[in-house]
Each structure stands twice: as C-alpha cells, then as structure tokens.
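S.K.:
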C-alpha cells in the first residue's frame, strides 16, 4: 500500500503534543489542525499551542455532522487522527483519500477509549500501540503497524500512559514512512465484533473491592483504580474505606513507574 503522507490534515485530542511535534520535526506538513472544543481548558491545548507557533490553521469541530461537509473539502487528502473525539462518518471516509489513527493499546484486544485501566486490571504483561486505517467501526480498521512493550507489576494507569506516550511519536513516523515508500502491508483484524470486546467506562463501582479475596488477588484491581478520582475502596460497618498503596525503595531506573500515589 502506498500513499503520500507529506501533507497531513490532522485531527487531534488530548495528550498528543509529542506526536504533533514529531510530525513537524519529521518533515511532514500539517496543513490544518482539527479539534473538538470543550468548556474551560482543553486537553488538546498543548497541540494547539504548537500549531499556533508554526502558524498552522486550526478549525474547531463542534458536532460530528460537520465532518460530512468537511469530507468534500478534504477530498483525496491524507488525514491522521491522534486522540480525536469524534468517530468519522462514512461520508467523510469515502471522500478523503486515506484516514489513519493511532490507538494507544493493542488491537484487536483493547479497542475504544480509556483502555489502560482495564489492561492493568486484567493482569496483562504487555501493552502496546497500534497504527491502523480508520473505517466505520471503533478501532476495527486494518493494522498498518503495531508495537508492544512490557508492563511492570508496579505500573499504574498514569505510568502506563506515560510509557505509551513516549513511544507513540517514533511509531507514527515509522508507519507514515511505510505508507510513503509503499512498504506498508495492512493486516485485517479478523472476526471481530466490537460489542463482544466492548470495555465499560470506568466508574466508582469498578474500584469497589470484594474483601473476601486476598490482597494478592485484588492487587491488579487496586493499581488499576484512579487514585484521585476513583480510588479503591471497601466498606466496614457501613463506612467507606479508601485504599491507596505505595512502594518503598523505588528504583531510579523506573522513570515511568509511579506505584503508588
């Protein structure tokens, strides 16, 4: 598969400023940045600040329906999505030349948003990053490139996110180089049904511990909980007990491991 990725129409969300900067430093021309505005401070602000520094045009997308008309404007163009909030409608995908997404987890196992907590709670020993073609499904398109990395038993959602974000820029540039050279050989995700793989959004109920289990059995659930918003908890005599754990003697060689806050 070959496609010219030198000019990019960039759809961005939060936490992707390293990818944004890498695209520019890698010689790709970001023709325009699209983002979904939120009330107050936006997580995409860092990428928008970079766009402003390089005088890259920015356009807000407030509703998914706006993407249909935008598809006509971007007819035949290369579009890259990094954390963009909206699913791309069929009309947009049919009009544009090629749309590619970066997903901060292993596909097809962990589609959708907010996957890292589940990766930890499920006791996975590795996570990864997937670059894939965008289709009408949720992270169901053909895989262009995928890279895995080991998970430490001391990783938390925050440290796992930091590891992922550190590796994303290089993988994006590698995937785009494969597309440019014609060496990309996308692999179809076979026999997948998103509803079968659907992961629940994290809520406080997922942090409730069943104290009939041992601490070793509960460990992954504890470290998968958000210590600020959804800390692990259990009840004693009707009182809610919050649980946060910490680790003594953390090595300086573990810059991403933050067990625990």
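In the numbering used here, the protein residues as written are 565 to 825. The beta carbon of each residue, even a glycine, is placed where N, CA and C say it ideally should be.
Residue 721 lies in the beta strand (DSSP E); which residues open and close that run?
M.R.: Within the chain shown, residue 721 is the residue found at index 157, counting from 1. Counting along the chain, residue 721 falls outside any beta strand (DSSP E), though it belongs to the alpha helix (DSSP H) covering 721-745.
S.K.: Please state the DSSP three-state secondary structure of residue 770.
M.R.: Sequence index remark: in the chain shown, residue 770 carries index 206 (1-based). Helix, per DSSP.
S.K.: Between the Cα of residue 577 and those of 650, 739, 706, 742, spot the shortest distance and give me the residue it belongs to.
M.R.: As a first step, residue 577 is located in the chain shown; it is residue number 13 there, counting from the start. Nearest option by C-alpha distance: 650.
S.K.: Could you check the C-alpha separation between residue 530 and residue 630 for me, to the nearest Å?
M.R.: In the structure as shown, the chain starts at 565 and stops at 825, and residue 530 therefore has no counterpart that could be examined.
S.K.: When DSSP labels each residue in this structure, what does residue 516 get in the three-state scheme?
M.R.: Outside the shown range of the chain (565 to 825) lies residue 516, about which nothing can therefore be said.
S.K.: Could you tell me the alpha carbon to alpha carbon distance between residue 698 and residue 613, rounded to whole angstroms?
M.R.: As a position in the chain shown, residue 698 is number 134, starting the count at 1. As a position in the chain shown, residue 613 is number 49, starting the count at 1. Each residue's alpha carbon lies about 26 Å from the other.
S.K.: Using only the alpha-carbon positions, how far apart do residue 686 and residue 672 sit?
M.R.: Locating residue 686 in the chain shown gives position 122, where the first residue counts as 1. Locating residue 672 in the chain shown gives position 108, where the first residue counts as 1. Using only the alpha carbons, I get a separation of about 15 Å.
S.K.: For residue 579, which option in 567, 609, 588 has the closest C-alpha, if you only look at C-alpha atoms?
M.R.: Here residue 579 refers to the residue found at position 15 when the chain shown is read from its first residue. It is 609.
S.K.: Are residue 772 and residue 794 closer than 7 Å when you measure CB to CB?
M.R.: What you label residue 772 is simply residue 208 of the chain shown in a count that begins at 1. What you label residue 794 is simply residue 230 of the chain shown in a count that begins at 1. In this structure, residue 794 does not lie closer than 7 Å to residue 772 by Cβ.
S.K.: Taking only three categories from DSSP, how would you classify residue 700?
M.R.: The residue labelled residue 700 in the question sits at position 136 within the chain shown. It is coil, neither helix nor strand.
S.K.: In three-state terms, what does DSSP make of residue 780?
M.R.: Position 216 of the chain shown, counted from the start, is the residue given in the question as residue 780. Three-state DSSP puts residue 780 in a helix.
S.K.: So is residue 640 buried or exposed if we call it buried at 16+ other beta carbons inside 10 Å?
M.R.: Residue numbering aside, residue 640 sits at position 76 when the chain shown is read from its first letter. So residue 640 counts as exposed.
S.K.: In three-state DSSP terms, what is residue 519?
M.R.: With the chain covering only 565 through 825, there is no way to say anything about residue 519.
S.K.: Under 8 Å by Cβ, that's how I've got residue 703 and residue 733 pegged, so tell me the actual separation to the nearest angstrom.
M.R.: The sequence position of residue 703 within the chain shown is 139, counting from 1. The sequence position of residue 733 within the chain shown is 169, counting from 1. That belief does not hold up - the Cβ atoms of residue 703 and residue 733 are roughly 20 Å apart, past 8 Å.
S.K.: Cutting at 6 Å between CB atoms, please list the residues of its own chain near residue 661, excluding the five before and the five after it.
M.R.: Mapped onto the chain shown, residue 661 falls at position 97. Answer for residue 661: 640, 641, 642, listed in chain order.
S.K.: Pull up the distance between the alpha-carbon of residue 627 and that of residue 598, whole angstroms please.
M.R.: Along the chain shown, read from residue 1 onward, the residue named residue 627 stands at position 63. Along the chain shown, read from residue 1 onward, the residue named residue 598 stands at position 34. Using only the alpha carbons, I get a separation of about 12 Å.
S.K.: Expressed to the nearest angstrom, what Euclidean distance is found between the alpha-carbon atoms of residue 682 and residue 788?
M.R.: Within the chain shown, numbered from 1, the residue matching residue 682 stands at position 118. Within the chain shown, numbered from 1, the residue matching residue 788 stands at position 224. Cα-Cα distance, rounded: 7 Å.
S.K.: Here's the rule: buried if 16 or more other CB atoms are within 10 angstroms of the residue's CB, otherwise exposed. What is residue 747?
M.R.: Taking the chain shown and counting its residues from 1, the one referred to as residue 747 is at position 183. The residue in question, residue 747, is exposed, as its Cβ has fewer than 16 Cβ neighbours within 10 Å.
S.K.: Beta-carbon separation of residue 729 and residue 582 under 7 Å?
M.R.: Locating residue 729 in the chain shown gives position 165, where the first residue counts as 1. Locating residue 582 in the chain shown gives position 18, where the first residue counts as 1. Yes, they are a contact pair.
S.K.: Among the candidates 621, 678, 737, whose CA atom is the shortest distance from the CA of residue 587?
M.R.: Here residue 587 refers to the residue found at position 23 when the chain shown is read from its first residue. Among 621, 678, 737, the Cα nearest to that of residue 587 belongs to 737.
S.K.: Determine, using beta carbons only, whether residue 592 comes closer than 7 Å to chain D.
M.R.: The structure shown contains no chain D; it is built from a single protein chain.
S.K.: Start and end of the beta strand (DSSP E) containing residue 710?
M.R.: The residue you call residue 710 lines up with position 146 of the chain shown. Looking at the DSSP string, the run of the beta strand (DSSP E) that includes residue 710 is 707-714.
S.K.: Please classify residue 804: does DSSP put it in a helix, a strand, or coil?
M.R.: Position 240 of the chain shown, counted from the first residue, corresponds to residue 804. The answer is strand: DSSP assigns residue 804 an E or B state.
S.K.: Does DSSP put residue 593 in a helix, in a strand, or in coil?
M.R.: Taking the first residue of the chain shown as position 1, residue 593 is located at position 29. Note: residue 593 maps to strand in three-state DSSP.
S.K.: Based on Cα-Cα distance, which residue from 792, 724, 596, 745 lies nearest to residue 618?
M.R.: Residue mapping note: residue 618 aligns to position 54 of the chain shown, counting from 1. It is 596.
S.K.: So, at 7 Å on beta carbons, what are the nonlocal neighbours of residue 688 in its own chain, with the 5 sequence-adjacent residues on each side left out?
M.R.: For the purposes of this step, residue 688 is taken as the residue at position 124 of the chain shown. So the qualifying residues of the chain are 715.
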